[in-house]
Amino acid sequence: MLSFFSLTHAEHAPSHEFFRGQLVPCHETPARAEQVHQALQAAGHRIETTGFPDSRALLGQVHAERYLRFLQGAWADWLARDPANAARQPWPSTWPVRTLRSDLEPREFSARLGLYSFDNGTPLSAGSWAAAKAGCDAALAGAQALAGGARAAFVASRPPGHHAGPDFMGGYCFLNQAAVAAQALRAQGHARVAVLDVDYHHGNGTQAIFYARSDVFFASLHGDPSTEYPFFLGHADEEGEGEGRGFNLNLPLPAGTPAERWFAALEQACARLQALNASALVVSLGLDTFEGDPISKFKLARADFGRLGARLAGLGLPTLFVLEGGYATADLGLNAVAVLDGFER
Ligand code: Q9C
Ligand code: ZN
């Protein structure tokens, strides 16, 4: 499958993350993308690495301008505070939760980082903007490949994007590549685009971006947020609002869910997106549903990823796969290739 991969991903390389209150080495690493790149090459998939279009205009359609300005300048602001910060990671200090004001931007950097974050588990590094932006450019290139007649394409980007909302980062995500792709497909003339999120974690950012819209249907299969990250969104009663009512489908599943039950939920999502006449599909392809994933609790095996690809091919839609999570790094490339090969079989 035609794949889009920017080497710029490697510029996002923070060292540690907060995980259940402890500082631990990052789960979301450059090695993930390298594994995917190698596996794509080994399996003979064509990979484009340069010459992507600029997604900046589309970014302004899915993210707030003040958030984009903050994120683009964040590392320079952090260094301006103290040149020694070059060797340190910034962390948010305060979050504007209920009753606090989020309309104003504080001048203090760590407070602004709090304003634009919903967790303390999303470390920023010098090249975070560049890497996330390159992923969006790759997503736009993928959408353009579909417009040019490709049946499907794969955007092998990192950092991931589905937790990034209109004006916030979180869950290792900064810019929402899948949302950019969906917006690009809309601009090409697809009247309704479906975003199917199969990452273990609910795609709260994508849901938030499209929650009041009927032109982009969002469906997600994920660990039940009553016990799984991101905890505060992803329940079955979130069905969309206003014009978007009926265009959001959450299928939370308990930790430990085996493959058969997961595929039954996938059928529900497929039935809905067909009933809604979506004419293009963006797949937020998280591979952290894998049985070997270190931070997730579903039980899909490699062969199940092939089955997933085959099932999605059966929908008969132009399909753009966008890499999201997946932290069993040594298996990540082979799991991604299993989906793509299953689709093309
Ligand atoms: N301090 C994706 O798979 N870990 N993101 C919880 C909270 C967050 C996963 C740590 C896991 C995010 C794209
Ligand atoms: Zn995930």
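With full-length UniProt numbering, the residue at position 260 of the sequence shown is 260, and numbering never jumps. Note that CB positions come from ideal geometry on N, CA and C, so glycine has one too.
Query	Result
The region 170-189 contacting the region 153-161, beta-carbon criterion three pairs below 8 Å	yes
DSSP-derived helix/strand/coil call for Ala280	strand
Ala310 and Gly333 closer than 8 Å at C-beta	no
Within 8 Å, strictly: CB atoms of Val62 and Leu323	no
Closer than 7 Å: Phe19 CB and nearest the ligand Q9C heavy atom	yes
Three CB pairs or more closer than 8 Å across the region 43-53 and the region 130-139	yes
Through-space distance from Cys26 to Ser125, alpha-carbon basis	12 Å
For Asp119: DSSP bridge partner residues	DSSP lists no partner for Asp119.
Test item, CB below 5 Å from any non-hydrogen atom of the ligand ZN	Asp199, Tyr200, His201, Gly286, Asp288, Gly325
Chain-order list of residues whose beta-carbon lies under 7 Å from that of Ala265 (same chain, five-residue window excluded)	Leu221, Leu251, Leu253
Buried versus exposed call for Ser296 [16 or more other C-beta atoms within 10 Å across all chains shown]	buried
Beta strand (DSSP E) segments (min. 3 residues) lying fully within the region 153-234	193-197, 216-223
Endpoints, beta strand (DSSP E) assigned at Asn335	Counting along the chain, Asn335 falls outside any beta strand (DSSP E), though it belongs to the alpha helix (DSSP H) covering 329-344.
When Glu11, Leu23, Lys133, Phe18 are compared against Ala31, the one with the closest alpha-carbon	Glu11
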